[in-house]
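Undergrad: Numbering (my numbering), first residue to last: 814 to 1238.
1) Candidates 1209, 1082, 1033: which alpha carbon is nearest residue 1050's?
2) Any chance you could list the alpha helix (DSSP H) runs of at least 4 consecutive residues sitting entirely within the segment 859-918, in chain order?
3) At 4 residues or longer, and completely inside the segment 1074-1142: list those alpha helix (DSSP H) runs for me, N to C.
4) Report yes if the C-beta distance between residue 839 and residue 1041 is below 8 Å; otherwise report no.
5) For residue 1127, which option in 1214, 1038, 982, 1152 has the closest C-alpha, if you only look at C-alpha atoms?
6) Where does residue 941 land, buried or exposed, given buried means 16+ other C-beta within 10 angstroms?
7) Between which two residues does the beta strand (DSSP E) containing residue 1003 stretch?
8) If you run the structure through DSSP and keep just helix, strand and coil, what is residue 935?
9) Note down, in chain order, each residue of its chain lying with its Cβ closer than 7 Å to the Cβ of residue 951, except the 5 sequence neighbours on either side.
10) Using the beta-carbon count (16 or more within 10 Å), is residue 1003 buried or exposed?
11) Do residue 903 and residue 1005 have their C-beta atoms within less than 8 Å of each other?
12) Pop quiz: residue 1212 and residue 1044 are said to be a contact at Cβ under 8 Å. What is the actual Cβ separation, rounded to whole angstroms?
13) How about residue 1107 and residue 1208: do their beta carbons lie closer than 8 Å?
14) Where DSSP assigns a beta bridge to residue 1068, which residues make up the other side?
15) Given that a residue counts as buried once 16 or more other Cβ atoms are within 10 Å of its Cβ, and exposed if not, what is residue 1133?
16) Kindly indicate which three-state DSSP category residue 1176 falls into: helix, strand or coil?
17) Buried or exposed: residue 1182, going by 16 or more other Cβ atoms within 10 Å of its Cβ?
18) Which one or two residues does DSSP pair with residue 820 in a beta bridge?
19) Taking the alpha-carbon positions, what's the residue 1138 to residue 1180 distance?
20) How big is the Cα-Cα spacing for residue 1118 and residue 1055?
21) Would residue 1194 and residue 1188 be called neighbours here (beta carbons separated by less than 8 Å)?
22) Going by DSSP in three states, residue 1160 sits in which element: helix, strand or coil?
23) Should residue 896 and residue 1034 be called a contact, given that it needs their Cβ atoms to be closer than 8 Å?
24) Going by DSSP, name the residue or residues bridged to residue 1188.
25) Between the C-alpha atoms of residue 1164 and residue 1233, what's the straight-line distance to the nearest angstrom?
26) Do residue 978 and residue 994 have their C-beta atoms within less than 8 Å of each other?
27) Assuming residue 1156 contacts residue 959 under a Cβ cut-off of 8 Å, what Cβ separation, rounded to an integer in Å, is found between them?
28) Within this structure, are the beta carbons of residue 1077 and residue 854 separated by less than 8 Å?
29) Can the beta-carbon of residue 1184 be found less than 8 Å from the beta-carbon of residue 1225?
30) Just list the residues that DSSP pairs residue 1236 with in beta bridges.
31) Report the residue from 992, 1086, 986, 871 whose alpha carbon sits nearest the alpha carbon of residue 945.
32) Does the Cβ-Cβ distance between residue 925 and residue 1014 come in under 8 Å?
33) Give the straight-line distance between the Cα atoms of residue 836 and residue 1109, rounded to the nearest whole angstrom.
34) Would the beta-carbon of residue 1140 be found less than 7 Å away from any heavy atom of the ligand MN?
35) Consult DSSP for residue 990 and reduce its assignment to one of helix, strand or coil.
36) Compute the Euclidean distance between the alpha carbons of residue 850 and residue 888, then round it to the nearest angstrom.
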């Protein structure tokens, strides 16, 4: 009996999903001949590093976009170790809101004390929802919390900020299923705020990890894949899927012109000539709207339904060093005017004394004037990313990433207030 030829597999997209897919297939060269294509001039997708001023910030690079994550990302950690690097642990400190609407997980504030009764009731409600969680799977947070008669201020100033940055949901947070809210407060495995605090709302410091230099990691991973026979083709874009059948997949491919910063603009290079290639299998490791566009008329009804159901918000991230902007909109220090000594019968002296000595918020949220449900998110990268944190630079030499959410809410943005000479990217 003649040996079976390996299947020719085309993996589209060299982000984390595409790289992981190629990784698994590459361990079976007798079964799969893998080609990995990427429209950009680098592997990693949304995870990449940018150069920064080492003299000012203390390190020559900064991870842009994807910076870290939860300690449950075991597959990611495994891949880091395979390439000779590791994620670094960090205990997360947050700063949400400003002045009388400010709260943190590091010390108690007047906002928390004001909502003491609701905070106590919230923990009981989370237990009820956990017991009946199937019922809450499709009910959005904005409805379920009103069903339990929580106030608008409690929902908008405490609940939404406590979810938005961790989940990356931004201004879409009110539409999240209630079951996700419940898991974040009650799950020992996935709960960022587990166990919930019925006096201080959140008082734990979630164990997070910060990723190593991502461009270096993905470049090393690319070389490992190529060493195992994967054909990695950067600056190569799949324009469309021409046909799909049991005999194979035919695609139209065009080259891209590599840019100096390795980021090729979307929708460019249409003047370059396309050509057709045929594969046995196709794996689309791209965003849902991109997958829908590539499949076009070749999409099956279920693919159209699933891929077409996604909604997107167009966000803008600004990397900068405008400390005055940050001070204006975010709470960065322990402030006696905002702190409280007791929450009910619980003395908070120890937490306050600790915060006086060291309060280093890494995740920050601004509630936009005019509508507290519209948020602006920010990372103090010098408090979060390990290569910067260990330098212990003064605030004036910190680097920030501020995320302005959803262009359709642009009227709430204050991006124009950031000094242009302070912007890195």
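Glycine included, every Cβ here is placed at the ideal spot set by N, Cα and C.
TA: The structure says:
1) Residue mapping note: residue 1050 aligns to position 237 of the chain shown, counting from 1. Per the Cα distances, 1082.
2) List check, alpha helix (DSSP H) in window: 867-870, 887-895.
3) Within the segment 1074-1142, the complete alpha helix (DSSP H) runs of at least 4 residues are 1101-1108, 1114-1121, 1136-1142.
4) On the chain shown, position 26 is the one that residue 839 refers to. On the chain shown, position 228 is the one that residue 1041 refers to. For residue 839 and residue 1041, yes; Cβs fall inside 8 Å.
5) Against the chain shown, residue 1127 aligns to sequence position 314. If you compare the alpha carbons of 1214, 1038, 982, 1152 with that of residue 1127, the shortest gap goes to 982.
6) Along the chain shown, read from residue 1 onward, the residue named residue 941 stands at position 128. Under this definition residue 941 is an exposed residue.
7) On the chain shown, position 190 is the one that residue 1003 refers to. Secondary structure note for residue 1003: it is in no beta strand (DSSP E), with a DSSP letter that is neither H nor E.
8) In the chain shown, counting from the first residue as 1, residue 935 sits at position 122. Here residue 935 sits in helix by DSSP.
9) Here residue 951 refers to the residue found at position 138 when the chain shown is read from its first residue. Excluding residues within five positions, the ones whose Cβ falls inside 7 Å are 990.
10) On the chain shown, residue 1003 is found 190 positions in, with the first residue counted as 1. Exposed, because fewer than 16 other Cβ atoms sit within 10 Å of the Cβ of residue 1003.
11) Within the chain shown, the letter at position 90 stands for residue 903. Within the chain shown, the letter at position 192 stands for residue 1005. No, the pair does not count as a contact, with Cβ atoms beyond the cut-off.
12) Start at 1 with the first residue of the chain shown, and residue 1212 comes out as number 399. Start at 1 with the first residue of the chain shown, and residue 1044 comes out as number 231. With a Cβ gap of about 37 Å, residue 1212 and residue 1044 do not count as contacting.
13) For the purposes of this step, residue 1107 is identified with residue 294 of the chain shown, where counting begins at 1. For the purposes of this step, residue 1208 is identified with residue 395 of the chain shown, where counting begins at 1. No, they are not a contact pair.
14) What you label residue 1068 is simply residue 255 of the chain shown in a count that begins at 1. The partner list for residue 1068 (beta bridge, DSSP) reads 1049.
15) Here the question's residue 1133 lines up with position 320 in the chain shown. With 16 or more Cβ atoms within 10 Å of its Cβ, residue 1133 is classed as buried.
16) Along the chain shown, read from residue 1 onward, the residue named residue 1176 stands at position 363. DSSP places residue 1176 in strand when its eight states are reduced to three.
17) Within the chain shown, residue 1182 is the residue found at index 369, counting from 1. Burial call: exposed.
18) Taking the first residue of the chain shown as position 1, residue 820 is located at position 7. According to DSSP, residue 820 bridges with 845.
19) Locating residue 1138 in the chain shown gives position 325, where the first residue counts as 1. Locating residue 1180 in the chain shown gives position 367, where the first residue counts as 1. Going from the Cα of residue 1138 to the Cα of residue 1180 covers about 14 Å.
20) In the chain shown, residue 1118 corresponds to position 305, counting from 1. In the chain shown, residue 1055 corresponds to position 242, counting from 1. One Cα belongs to residue 1118, the other to residue 1055, and the distance between them is close to 20 Å.
21) In the chain shown, the residue the question calls residue 1194 occupies position 381. In the chain shown, the residue the question calls residue 1188 occupies position 375. Taking 8 Å as the Cβ cut-off, residue 1194 and residue 1188 do not qualify as a contacting pair.
22) Reading the chain shown from its first residue, position 347 is the one you call residue 1160. Residue 1160: strand per DSSP, three-state reduction.
23) Working through the chain shown from its first residue, we reach residue 896 at position 83. Working through the chain shown from its first residue, we reach residue 1034 at position 221. Cβ atoms of residue 896 and residue 1034: closer than 8 Å.
24) The count along the chain shown starts at 1 and reaches residue 1188 at position 375. Per DSSP, 1180.
25) The residue you call residue 1164 lines up with position 351 of the chain shown. The residue you call residue 1233 lines up with position 420 of the chain shown. Using only the alpha carbons, I get a separation of about 38 Å.
26) For the purposes of this step, residue 978 is taken as the residue at position 165 of the chain shown. For the purposes of this step, residue 994 is taken as the residue at position 181 of the chain shown. Not in contact: residue 978 and residue 994 (Cβ atoms no closer than 8 Å).
27) Mapped onto the chain shown, residue 1156 falls at position 343. Mapped onto the chain shown, residue 959 falls at position 146. About 25 Å separates the beta carbon of residue 1156 from that of residue 959, a gap too long to meet the 8 Å contact definition.
28) Against the chain shown, residue 1077 aligns to sequence position 264. Against the chain shown, residue 854 aligns to sequence position 41. Their beta carbons are under 8 Å apart, which means residue 1077 touches residue 854 by this criterion.
29) Looking up residue 1184 in the chain shown gives position 371. Looking up residue 1225 in the chain shown gives position 412. Going by C-beta atoms, residue 1184 is nearer than 8 Å to residue 1225.
30) Within the chain shown, residue 1236 is the residue found at index 423, counting from 1. Looking at the DSSP assignment, residue 1236 forms a beta bridge with 1133.
31) By one-based count along the chain shown, residue 945 stands at place 132. It is 992 whose Cα lies nearest to the Cα of residue 945.
32) If you number the chain shown from 1, residue 925 lands on position 112. If you number the chain shown from 1, residue 1014 lands on position 201. Yes, the pair counts as a contact, with Cβ atoms nearer than the cut-off.
33) On the chain shown, residue 836 is found 23 positions in, with the first residue counted as 1. On the chain shown, residue 1109 is found 296 positions in, with the first residue counted as 1. Rounded to whole angstroms, residue 836 and residue 1109 show a C-alpha spacing of 28 Å.
34) Absence of the ligand MN is noted for the structure shown, with no ligands found whatsoever.
35) Here residue 990 refers to the residue found at position 177 when the chain shown is read from its first residue. Correct three-state label for residue 990: strand.
36) Reading the chain shown from its first residue, position 37 is the one you call residue 850. Reading the chain shown from its first residue, position 75 is the one you call residue 888. Approximately 22 Å, taken between the alpha carbons.
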